[in-house]
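So the sequences go chain by chain: W and H. With the first letter of the first sequence counted as 1, position 236 gets the number 235 in numbering that gives the first Met the number 0; the numbers rise by one all the way through. With the first letter of the second sequence counted as 1, position 244 gets the number 243 in numbering that gives the first Met the number 0; the numbers rise by one all the way through. Quick reminder that beta carbons are idealized off the backbone N, C-alpha and C, glycines included. As the structure is a prediction and not an experimental result, all values here were calculated from the model. Below: the structure, in structure tokens.
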Amino acid sequence: MTALLSLSGLTVDIPVAAGTLHALRGVTLDVREGEVFAIVGESGCGKSLTAAAILGLLPDSATLRAERMTWDSQDMTRMSRRQRMAMSGPQISAIFQDPLTALNPILSVGEQMTEGFLAHRLGSRSQARARAAELLEAVGVTPAERRMAQFPHELSGGLRQRVMIAMSLMCHPRLVVADEPTTALDVTTQVEILRLLQDRQKEAGLSLVLITHDLGVVAHIADRVAVMYAGEVVEQGSVAQVVGSPAHPYTRALLDCLPDLGQPERKLTPIPGVVPALTGDLTGCAFRNRCPHAHAACAGGIPWHRADTGQGYRCVLAPTSEEAA
Amino acid sequence: MLSFARDRILLSVCVLLTATFVGFLLLQASGDLAASLAGENASADDIAQLRQQLGLDQPLLLRYWHWLIGALQGDLGTSYFTREPVTGLFAERLGATLTLAIAALVISVVVSLPLGVFAALKPNSWVDGLLSLLALSGQAVPSFWLGLIFISFFGVTLRWLPISGSDTAMHFVLPSVVLAVSAIPALARLVRSGMIEVLSQDYIRTARSKGLPRHRVLMRHALRNALLPVISLTAVQLGALLGGSVIVEAVFAIDGIGQLTFRSIQRGDFPVVQAMLVFVALSYTVLTLVADLMNAWIDPRLRSRK
Ligand SMILES: Nc1ncnc2c1ncn2[C@@H]1O[C@H](COP(=O)(O)OP(=O)(O)OP(=O)(O)O)[C@@H](O)[C@H]1O
Ligand code: SF4
Ligand SMILES: [Mg+2]
């Protein structure tokens, strides 16, 4: 199956006071048509920057390089600014973490919902409003006509995120990138929003890149998952593979942190140690200061193992030894 | 929006009444008006007579009341010196000051907005640095000095523009530019800092993620949000300009409100000074009201907050 979005060796450098921050250090992942692709990892591992790179929203100061970065087999690194802009909305759209700050406080829901549709000339103003109303109804923001006249501060957090979801679907995108879409919401709302997102994704048949640091969510709704650590993807595969038989020590450590997967009684064990600074020259495995299996070879080049099943991981441990570990 | 406007207007009326009353009190408290008006050689009888003539022997509250009734009917009393109605004195000079103030304001806004936006787009670049430098010098240069430089260069050397009086529109060019130069730095800086803050907001990222053209993101999403404090500052600046600029009016020999006030304060012309106070209070109140209404019109959060 060919990938809708394919990233290989994606690096992003950001100049900071202490030098250059190697924020992404060779991110490799494929998102297929119609799947839910999760990206997990601790805070600061580069999830949001990966999303920004996909969305073309990296900060101006950042430099992006990639061995391959293709959308539907077209090279994204060679696209002009205008071509990229034309993709934002009709091809790729976004849902952000905090719906209060992500919506403009002084524009009505209706204005914000329709402006992308109109800017891409997908139809008339009344068609835009009709589409917006239809989507708002579908995500449970009712009565749609009245809601469209309202402003973000007049809606609850859950409703705002529903508006964000509806808004992201306005131009019939093929891929929606959702960066921690439920983190800012209370727990009951989180479940509703995730379910809604999943329903919409299925119904529209679109691909969803879901960024989260909750492996429970991943196990629930994702088809495949990439685990990120210190700016790189350390493991990738189907959810059954990665959650069921994790190959990388970091993935295993992450799963150990999870109280409700596995035995219910198991205590939450935070991973000891800290993520290395990404400003210096990093060689070897970035996880080795925290890895229980770290040894001399981990300071050298780290191979990417890829099994026939599609599961892959970056570690010196051979595929067989992982079962023993 | 309507109830918001009604509340704001009621509040403004209260502010205005308080301001005029306090002003009245302060002016009364500033000394024995009759004595100072009568002059050094006047006898006690003369002073008493003058006091009675001017109505200064009546109780304070009563006098305020009479003044207020008169003021509401457009009668602000007569000048102690010229014996002309105060309203007339004002009306004659208002045109010049108003023209000057509005021209200066328009220039300031037209220059500050693009300047601030431009600087905000590339903060800390050389363009931004140059703009900060210009802003700083604009603020540091005294108006009288700049006025004199303008007069000698554009008026005397180049002979492009008239240098004194207020007969034609051309007469207002130099003085309004001088006034604008002192108003621009604060405005441009506010636009810049507002834009920088707004541009880092999440909703700007959302707007960009929709593939909107750059100018749309900038104008519709960023500038509109950044404009709120700018509108308030503009109102205050216009208020100050309407009070008349003593210095600029003096340098360019424009007989405006500033000159009138200055003279009246000097010679204790109480009715004129009191009228001036009302005028300044009224301009500030009205302008603040207009600014608040404009802001509420832009920002729905202000409308719903009580
Ligand atoms: N504009 C920026 N300038 C400098 N550094 C940045 C910038 N954006 C992100 N970073 C740094 O890049 C690294 C990765 O950031 P990113 O936001 O992608 O993390 P994340 O995985 O999304 O974390 P979180 O779970 O907290 O959202 C972090 O160390 C962050 O401090
Ligand atoms: S490469 Fe070494 S340090 Fe890194 S995860 Fe594998 S075993 Fe641990
Ligand atoms: Mg993030």
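Where L6(W) falls: helix, strand or coil (DSSP): The three-state secondary structure of L6(W), taken from DSSP, is strand.
Cβ pair count under 8 Å reaching 3, the stretch 96-112 of chain H against the stretch 224-236 of chain H: The stretch 96-112 of chain H vs the stretch 224-236 of chain H: in contact.
Buried versus exposed, by CB contacts within 10 Å (16 or more), L78(H): Contrary to the premise, residue 78(H) reads as Ser rather than Leu in this sequence. Counting Cβ neighbours within 10 Å, S78(H) comes out buried, since at least 16 surround it.
Neighbour flag for H220(H) against chain C, beta carbons, 8 Å: Among the chains of the structure shown, chain C does not appear; the protein chains present are W and H.
Own chain partners of N294(H) with C-beta closer than 6 Å, once the 5 adjacent residues on each side are dropped: Answer for N294(H): L227, I230, L301, listed in chain order.
Chain H within 8 Å of A22(W), Cβ atoms only: By this cut-off, A22(W) is not an interface position.
Local Cβ density within 10 Å of G257(H), reported as buried at 16 or more and exposed below that: A buried status is given to G257(H), since no fewer than 16 other beta-carbon atoms sit within 10 Å of its beta-carbon.
heavy atom of ligand 2 below 7 Å from L254(W) C-beta: Incorrect: L254(W) has no Cβ contact closer than 7 Å to ligand 2.
Test: I195(H) CB closer than 8 Å to a CB of chain W: Cβ-Cβ to chain W under 8 Å: no for I195(H).
Contact residues within the stretch 204-216 of chain H, judged by C-beta distance below 8 Å to chain W: Listed by position along the chain: R204, T205, A206, R207, S208, K209, G210, L211, P212, R215.
Contained alpha helix (DSSP H) runs [length at least 4] in the stretch 132-201 of chain H, N- to C-terminal order: Here the runs fully enclosed are 142-149, 172-198.
Among W159(H), L189(H), L130(H), A100(H), nearest to L237(H) - alpha-carbon criterion: The shortest C-alpha separation from L237(H) is found at A100(H).
C256(W) and C284(W) closer than 8 Å at C-beta: It is not a contact, given that the beta carbons lie outside the stated cut-off.
Nearest-angstrom Cα separation, counted from I38(W) out to Q197(W): Rounded to the nearest angstrom, the two C-alpha atoms are 16 Å apart.
Exposure label - A143(W); buried when at least 16 CB within 10 Å: Buried: at least 16 other Cβ atoms inside 10 Å.
Supposed close pair D12(W), L4(W) - CB separation, criterion 8 Å: Not really, about 21 Å apart at Cβ, beyond 8 Å.
D178(W) burial status per 10 Å Cβ neighbour count (16 or more: buried): By the neighbour-count rule (16 or more Cβ atoms within 10 Å), D178(W) is buried.
Buried or exposed by the 16-neighbour rule on C-beta atoms within 10 Å, applied to Y312(W): Around the beta-carbon of Y312(W), 16 or more other beta-carbon atoms lie within 10 Å, marking it buried.
N-terminal and C-terminal residue of the beta strand (DSSP E) that T77(H) is part of: Annotation: T77(H) is outside any beta strand (DSSP E) and is labelled neither H nor E by DSSP.
Burial state of Q310(W) (16 or more Cβ within 10 Å): With 16 or more Cβ atoms within 10 Å of its Cβ, Q310(W) is classed as buried.
Minimum Cβ-Cβ distance from Q171(W) to chain H less than 8 Å: The amino acid occupying residue 171(W) in the given sequence is His; Gln does not appear at that position. It does not; no Cβ of chain H falls within 8 Å.
Exercise answer, beta-carbon shell around ligand 1 heavy atoms below 6 Å: Here the residues come out as I13(W), V15(W), L20(W), A22(W), G40(W), S42(W), G43(W), C44(W), G45(W), K46(W), S47(W), L48(W), P58(W), H212(W).
Near-chain H residues of the stretch 111-124 of chain W - C-beta to any C-beta below 7 Å: Of all residues in the stretch 111-124 of chain W, E114, G115, A118, H119 have a Cβ within less than 7 Å of some Cβ in chain H.
Check whether V104(W) and H171(W) have beta carbons under 8 Å apart: With the sequence shown as reference, residue 104(W) is identified as Pro, and Val is not the correct amino acid for it. Between P104(W) and H171(W), the gap from beta carbon to beta carbon reaches 8 Å or more.
Under the three-state DSSP convention, the category T27(W) falls into: Looking at T27(W) - three-state DSSP - the assignment turns out to be strand.
Under 8 Å by beta carbon: chain H residues contacting T100(W): Neighbours of T100(W) on chain H, chain order: Q200, D201, Y202.
Start and end residues, beta strand (DSSP E) containing M86(W): Per DSSP, M86(W) is not a residue of any beta strand (DSSP E); the alpha helix (DSSP H) it occupies stretches across 80-86.
H304(W) Cβ short of 7 Å to ligand 2 heavy atom set: Not so, every heavy atom of ligand 2 lies at least 7 Å from the Cβ.
Assumed close pair G230(W), A17(W) - CB separation to whole angstroms, cut-off 8 Å: About 15 Å separates the two Cβ atoms, so there is no contact after all.
Partner residues on chain H for A85(W), Cβ-Cβ distance less than 9 Å: Under the 9 Å cutoff, chain H gives G210.
Strand pairing of H21(W), partner residues [DSSP]: Bridge partners of H21(W): D12(W).
Residue of A252(W), A317(W), T282(W), V238(W) minimising C-alpha distance to G300(W): Residue T282(W) is the option with its Cα nearest to G300(W).
Contained beta strand (DSSP E) runs [length at least 3] in the stretch 86-147 of chain W, N- to C-terminal order: The qualifying runs are 91-94.
Nearest-angstrom Cα separation, counted from R213(H) out to L254(W): Approximately 43 Å between the Cα atoms of the pair.
Closest Cα partner of R223(H) within the set T86(H), L286(H), P299(H), G73(H): Considering only alpha carbons, the answer is P299(H).
Residue span of the beta strand (DSSP E) that contains Y215(W), given as start and end: Inspection of the sequence shows that residue 215(W) is occupied by Gly rather than by Tyr. In the DSSP annotation of this structure, G215(W) is not part of any beta strand (DSSP E); the continuous alpha helix (DSSP H) holding it starts and ends at 214-220.
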